[in-house]
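Just so we're aligned: the sequence shown equals residues 29 to 194 in the working numbering.
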Amino acid sequence: MTHPVIEGDDVRLRPTTPTDFAIAARLFRDPGFYDRWGGSPKTDEEIAEKYLGARSPLVECFFVEVDGEVVGFTQYHDADDGGEGGGMDLVLLPSSRGRGIGTAVVHAVVRFIREEKGWRRFTVDPDVDNERGVNFWKKVGFVSQRVVEDDGDRVPYWLLSWPMAE
29 MTHPVIEGDD
39 VRLRPTTPTD
49 FAIAARLFRD
59 PGFYDRWGGS
69 PKTDEEIAEK
79 YLGARSPLVE
89 CFFVEVDGEV
99 VGFTQYHDAD
109 DGGEGGGMDL
119 VLLPSSRGRG
129 IGTAVVHAVV
139 RFIREEKGWR
149 RFTVDPDVDN
159 ERGVNFWKKV
169 GFVSQRVVED
179 DGDRVPYWLL
189 SWPMAE
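This is the structure we're talking about:
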């Protein structure tokens, strides 16, 4: 079963598929893109395994489209908590940042996970040293919970949550 498109204010979140490899490779090999997503270009194998729908339904991946053009990537993922919640990630091409696109994406995903999935918890986890990302997530409505410094080999990150009681 294919995930439905998620529509937002002037954005369209189109589920990725294996036939989208060329588009995903262009994104995940653009230095302005991957500097916010892992810090290095992704291999063909990683793109195919992680970003083109192979992990569905636990991780749902989407291209962010504005006026029919792919300008970014987002995904939401189920947490290991029996369906109570999950989290999301988002990255836009540099030319699409600062234009309200990210805010529109977040609001569209939040609306979807509330209405269609019934989640009661929704989080993001930007690295502490990603000041721009942390500021973005707070600006769009996520609230700081704590800094996590003991998550294996991962660098310290903020755990931020969406106020689901709204």
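We treat Cβ as the ideally placed atom computed from N, Cα and C, and that holds for glycine.
Candidates the options: which alpha carbon is nearest residue i's?
i: V98; options: A76, A53, V152, P154; result: A53
i: R149; options: A107, K166, G128; result: A107
i: G110; options: D178, G146, V39, V134; result: G146
i: L118; options: E112, G126, F90, R139; result: F90
i: R142; options: G113, F56, S84; result: G113
What residue range does the alpha helix (DSSP H) around residue i cover?
i: Y18; result: Residue 18 is absent from the model: the chain starts at 29 and stops at 194.
i: R54; result: 49-56
i: E77; result: 72-78
i: I129; result: 129-140
Looking at the unbroken beta strand (DSSP E) that takes in residue i, where does it start and where does it end?
i: D117; result: 113-120
i: G161; result: No beta strand (DSSP E) contains G161, which is instead part of the alpha helix (DSSP H) from 159-168.
i: E144; result: No beta strand (DSSP E) holds E144; DSSP gives it neither H nor E.
i: G36; result: 34-36
i: T102; result: 97-106
i: L188; result: 185-189
i: E177; result: Element bounds for E177: n/a, residue is neither H nor E.
i: T151; result: 149-152
Look at residue i and residue j and say whether their C-beta atoms are less than 8 Å apart.
i: G100; j: L120; result: yes
i: G169; j: P154; result: no
i: T44; j: L80; result: yes
i: I129; j: V33; result: no
i: M116; j: V94; result: no
i: V171; j: W186; result: no
i: L188; j: V156; result: no
### Message
Assess contact between the stretch 34-54 and the stretch 63-77, defined as three or more Cβ pairs (one per stretch) separated by less than 8 Å. Is contact present?
### Response
yes
### Query
Can you find at least 3 beta carbon pairs, one from the stretch 126-135 and one from the stretch 176-184, that sit closer than 8 Å?
no
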